[in-house]
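Quick notes on the structure that follows.
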Amino acid sequence: MKKGKIIGGVIVGAIAACAVYFLTSDKTKKQREELVKFANNMKADIIKKMKELSDVTKEDYDKIVNEVSEKYAKVSKVSEKEFKNIVKDIKNGWKHIRKAI
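Numbering (my numbering), first residue to last: 151 to 251.
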């Protein structure tokens, strides 16, 4: 398994998930920008943790997402509903990652 494909899959999946979420939301532009920044920071931390593993399974991916989301939940200014949607969308990104592996 190549790390480049995994990371590429994470990025594509996360971007697609966030795009769908933001396009269907009625938040203002500033709030969207803050959410994008927040989600991108979460994704960067997830990718960093994935690079530490030699082989990533669905269970590993979910565990990493859960660990990172717990950290971000403590400092988040994002509403609980939005936060849950972001985490859900990132977890759904596994479908794209699996194809890249």
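The beta-carbon is built from N, C-alpha and C at its ideal position, and this holds for glycine as well.
Which class does residue i belong to by DSSP, given the choice of helix, strand or coil?
i      : result
Val225 : helix
Leu203 : coil
Gly243 : coil
Could you compute how far the alpha carbon of residue i sits from the alpha carbon of residue j?
i      : j      : result
Asp212 : Val225 : 20 Å
Lys179 : Ala164 : 20 Å
Phe279 : Phe188 : The question about residue 279 has no answer, for the chain in this structure spans 151 to 251.
Lys231 : Gly243 : 19 Å
Met192 : Tyr222 : 7 Å
Val162 : Asn190 : 12 Å
Suppose the cutoff is 7 Å on Cβ atoms and the five residues either side in sequence are ignored; what does the same chain contact list for residue i look like?
i      : result
Asp210 : Leu203
Asp195 : Val218
Between residue i and the rest of its own chain, which residues show a CB-CB distance below 6 Å, the 5 nearest in sequence each way excluded?
i      : result
Ile240 : Ala164, Val215
Lys208 : Trp244
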